[in-house]
Amino acid sequence: MIDLLRHGLAIAAKDLRVELRSRTALVTAIAFAALVLVIFNFARDPAGARTIDLAPSILWVTITFASMLTFNRAFALEKENAALDGILLSPMPRGALFLGKYLANLAFVATVTAITLPLFVLFFNVSLGGALPGLLAVAVLAIAGFVAVGTVFSAMAVRTRFAELMLPVLLLPFLVPPIMAAVQVTSRLLAGRPLLEQAAWLKILGVYDVVFLTLSAMIFPALVDE
Amino acid sequence: MTEHQQSRAMDRIKAAATVRRGLITTAIGLVGLAATIVLVQLYTPTEARQGLAQKIFYLHAPTAWSTLLAFSLCGLAGGLYLWLRDPRLDVFAESSAEVGLVFAAMMLSTGPLWGKPIWGTFWQWEPRLTLTLLEVFLFIGYRALRGAIVDPSERARYSAIVGLLGLALVPFVHLSVYLFRTIHPQPIVLKPSAPSLPWEMLRTLFFSLAVFTVLYLGFVTARYGLGLLRQSRSTEHAD
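If you want it as structure tokens, here you go:
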């Protein structure tokens, strides 16, 4: 168990180090998120819909779509020079590879979220008020599950033809429950309602996280089998 | 003829027999379908408020059942494949996914025909419709994924994973039903209290459910046999 964690962290640290030195994926994803926010601002009728009504959807669509861009990176990197074969040859459990990639993806998505949120407040003039802690809690719950599925699908998509197309087609159906829950809860939070009023949605998110994190970790070894 | 070729010829004969069995089952299912239509038109009372439009229910609900059955069995076969690694399970999963898409097309075309006169709209963004649609998209993705991978073992493993995860997504479909306000008819048979449908209607529904199950079995058996034949041809090319 300790070994698994140690190896996993080594993989995650490697991924983050590569990213910190090149800064391509993260900067691109953040620029993408900002651009989507700008587009959303003009893709609505300013006289028709109030910003606050659309704000939760805009926030979550932006975050999830930007996250999807970072998933492609995780295994595209390993495909170059057949780096994945090297990792698979090392005496490390396959579960550790999943854990490492998952943690790295989680770090990317968390960073994208942490930068999108203030941009969103800035662009749409939303006052978070006391909603911030609740919003962060929902963000953690919403992200944890779909990043697991995204990690599995990105490992898969990178080895197919049309990888850039395959990942969103496979992943988007799985994004719907978390996005639905996150948007519902966010809109109540922005309306000043307490977080615990939304216990049902939070439970769905929690169960989703447990189910998909477990399943992903269990089937990942079959994915990289040769 | 070498021993290898001989066993391959045997496999092919067996696969062809499977296709025939599937076609015979389908024929029985089609006769049942004709009987269902007679039953619906002549022996089933017309619903008091919805009138004749409600009769499509006896086709719509069973197609939804077959779709769900097909996708679930595809997911289960995928899970079993990851465990047992028997290529026949992969052929079955592929067949079930494809047949499921056929039933889904029926479900998605009969639903709006019922929805327009009763709800006043062809499509309603309510959770059960939305998420069934998503399952359909997921299995379209499943087909696309299969088409995008050349190596058979890789294709089998990847699609098994997608099928299995798709199966895991289904409970979230049902969970969300209870959280959203919905205008879709609530469950009338599988619910804690007794079914709220009169016996004459329930009888027709059960008959139709059985018919669509037979149709599913017929389609999937025939497609499975064809899949085995195709697999045998492709290994022949590989040799």
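Here the protein sequences line up with chains A and V, keeping their order. According to this note's numbering, the first sequence holds residues 855 to 1080 in order. According to this note's numbering, the second sequence holds residues 1312 to 1550 in order. We treat Cβ as the ideally placed atom computed from N, Cα and C, and that holds for glycine.
Using CA coordinates, which residue listed in the options is at the minimum distance from residue i?
| i | options | result |
| --- | --- | --- |
| A:ALA920 | A:ILE997, A:PHE1016, A:ARG1013 | A:ILE997 |
| A:ILE941 | A:THR965, A:HIS861, A:ALA964 | A:HIS861 |
| A:GLY949 | A:LEU973, A:LEU863, A:VAL975 | A:LEU863 |
| V:LEU1460 | A:VAL1001, A:ALA1002, A:MET1020, A:PHE1000 | Strictly speaking, residue 1460 of chain V in this sequence is Ile, with Leu absent from that position. Nearest of A:VAL1001, A:ALA1002, A:MET1020, A:PHE1000 to V:ILE1460, Cα basis: A:MET1020. |
| V:VAL1447 | V:GLU1437, V:SER1464, V:VAL1481 | V:VAL1481 |
| V:ALA1372 | V:LEU1520, V:ARG1534, V:ASP1462 | V:LEU1520 |
| V:ALA1455 | A:LEU1024, A:LEU1029, A:ASP939 | A:LEU1024 |
| V:LEU1395 | V:ARG1514, V:ALA1408, V:SER1464, V:HIS1315 | V:SER1464 |
| V:PHE1523 | V:THR1347, V:GLY1538, V:GLN1316, V:SER1420 | V:THR1347 |
| V:GLY1458 | A:VAL1006, A:ARG1013, A:VAL1001 | A:ARG1013 |
| A:LEU989 | A:ASN959, A:ALA958, A:GLN1052 | A:GLN1052 |
| A:GLY983 | A:PHE1066, A:LEU1067, A:GLY1046, A:LEU1077 | A:GLY1046 |
| A:ALA991 | A:ILE856, A:MET1010, A:TRP1055 | A:TRP1055 |
| V:PRO1428 | V:LEU1490, V:ALA1338, V:ILE1367 | V:ILE1367 |
| V:ILE1451 | V:VAL1342, V:ILE1339, V:ALA1408 | V:ALA1408 |
| A:PHE978 | A:LEU908, A:LEU1049, A:PHE886, A:ALA1071 | A:LEU908 |
| A:ARG1022 | A:ALA879, A:PHE925, A:ASP899, A:GLY902 | Residue 1022 of chain A is actually Pro in this sequence, not Arg. Taking only the C-alpha atoms, the option nearest A:PRO1022 is A:PHE925. |
| A:PRO987 | A:ARG877, A:ALA879, A:PRO1048, A:LYS933 | A:PRO1048 |
| A:ALA879 | A:ALA903, A:MET855, A:ASP899, A:ALA961 | A:ALA961 |
| A:SER876 | A:PRO900, A:LEU931, A:MET855, A:ARG904 | A:LEU931 |
Taking the Cβ atom as the reference point for each residue, do residue i and residue j lie within a distance shorter than 9 angstroms?
| i | j | result |
| --- | --- | --- |
| A:LEU859 | A:LEU953 | yes |
| A:PHE896 | A:SER1008 | no |
| A:THR882 | A:ILE1033 | no |
| A:LEU976 | A:ASP1063 | no |
| V:LEU1516 | V:TYR1392 | no |
| V:ALA1404 | V:LEU1384 | yes |
| A:THR970 | A:ILE906 | no |
| A:LYS955 | A:ILE865 | yes |
| V:ARG1466 | V:ASP1401 | yes |
| A:PHE1000 | A:LEU973 | no |
| A:PRO947 | A:ASP1079 | no |
| V:LEU1490 | V:GLY1390 | no |
| V:ALA1479 | A:VAL1006 | no |
Could you name the residues of the same chain whose beta carbon sits closer than 8 angstroms to that of residue i, not counting the 5 residues immediately before and after it, in chain order?
| i | result |
| --- | --- |
| V:GLY1536 | ALA1326, ALA1327, ALA1328, THR1329, VAL1330, ARG1331, ARG1332, GLY1333 |
| A:GLY1060 | LEU995 |
| V:LEU1540 | ARG1323, ALA1326, ALA1327, VAL1330 |
| V:PHE1483 | LEU1442 |
Please report the distance separating the alpha-carbon of residue i from that of residue j.
| i | j | result |
| --- | --- | --- |
| V:TYR1527 | A:LEU943 | 44 angstroms |
| A:ILE893 | V:THR1546 | 51 angstroms |
| V:ILE1494 | A:LEU874 | Low confidence applies here, because V:ILE1494 scores a pLDDT of 49, under 50, leaving its location unreliable and the question unanswered by this model. |
| A:THR967 | V:TYR1469 | 30 angstroms |
| V:ALA1381 | A:LEU913 | 36 angstroms |
| V:ALA1375 | V:ILE1472 | 23 angstroms |
| V:ALA1533 | A:ALA993 | 47 angstroms |
| A:LEU1069 | A:LYS1057 | 18 angstroms |
| A:LEU1044 | V:ASP1462 | 50 angstroms |
| A:MET922 | A:VAL963 | 9 angstroms |
| A:GLY1004 | A:LYS868 | 19 angstroms |
| A:ALA888 | A:ASN959 | 19 angstroms |
| V:LEU1615 | V:SER1420 | As displayed, chain V neither begins before 1312 nor continues past 1550, which places residue 1615 of chain V out of reach and without an answer. |
| V:ALA1388 | A:VAL980 | 48 angstroms |
| A:LEU870 | A:ARG927 | 11 angstroms |
| A:GLU1018 | A:ALA1011 | 8 angstroms |
| V:ARG1514 | A:PHE886 | 56 angstroms |
| V:VAL1525 | V:LEU1486 | 29 angstroms |
| V:TRP1510 | V:GLY1343 | 20 angstroms |
| A:LEU957 | V:ALA1338 | 53 angstroms |
Within the same chain, show all residues whose beta-carbon is closer than 6 angstroms to that of residue i, passing over the 5 residues directly before and after it, in chain order.
| i | result |
| --- | --- |
| V:ARG1323 | SER1543 |
| V:GLY1477 | GLY1386, LEU1449 |
| A:PRO910 | VAL1037, THR1040, SER1041 |
| V:GLU1358 | GLN1365 |
| A:VAL890 | THR916 |
| V:SER1406 | VAL1531, ARG1534, TYR1535, GLY1538 |
| A:LEU1067 | ALA1002 |
| V:SER1377 | PHE1414, PHE1523, TYR1527 |
| V:GLN1361 | ILE1429 |
Of all Cβ atoms in chain D, is any one closer than 9 angstroms to the Cβ of residue i?
| i | result |
| --- | --- |
| A:LEU1077 | Included in the structure are the protein chains A and V, with no chain D among them. |
Can you name, in chain order, every residue of its own chain whose Cβ lies under 7 angstroms from the Cβ of residue i, other than the five neighbours on each side?
| i | result |
| --- | --- |
| V:VAL1410 | ALA1381, TYR1527, PHE1530, VAL1531, ARG1534 |
| V:GLY1340 | VAL1522, VAL1525, LEU1526, GLY1529 |
| V:THR1336 | VAL1525, LEU1528, GLY1529, THR1532 |
Quiz item: Of the residues that make up the region 1327-1338 of chain V, which ones have a beta carbon closer than 8 angstroms to any beta carbon in chain A?
Solution: none
Self-check item: Chain-ordered residues of the region 1037-1067 of chain A with a beta carbon less than 9 angstroms from chain V
Solution: GLN1038, ALA1054, TRP1055, LYS1057, ILE1058, VAL1061, TYR1062, VAL1065, PHE1066
Quiz item: Listed in chain order, which residues of the region 1007-1018 of chain A have Cβ atoms closer than 9 angstroms to some Cβ of chain V?
Solution: Against chain V - using a Cβ distance shorter than 9 angstroms - the residues of the region 1007-1018 of chain A are PHE1007, MET1010, ALA1011, ARG1013, THR1014, ARG1015, PHE1016, ALA1017.
Self-check item: Contacting positions in the region 1461-1477 of chain V - beta carbon closer than 8 angstroms to chain A
Solution: GLU1465, ARG1468, TYR1469, ALA1471, ILE1472, VAL1473, LEU1475, LEU1476, GLY1477
Practice problem: Using a Cβ-Cβ cut-off of less than 7 angstroms, list which residues of the region 924-948 of chain A approach chain V; keep chain order. | Solution: Residues passing the 7 angstroms Cβ filter: none.
Quiz item: If contact means a Cβ-Cβ distance below 7 angstroms, which residues of the region 949-981 of chain A contact chain V?
Solution: none
Quiz item: In chain order, what residues of the region 1375-1405 of chain V put their CB closer than 7 angstroms to some CB of chain A?
Solution: LEU1393
Quiz prompt | Contact residues within the region 979-998 of chain A, judged by C-beta distance below 8 angstroms to chain V | solution = none
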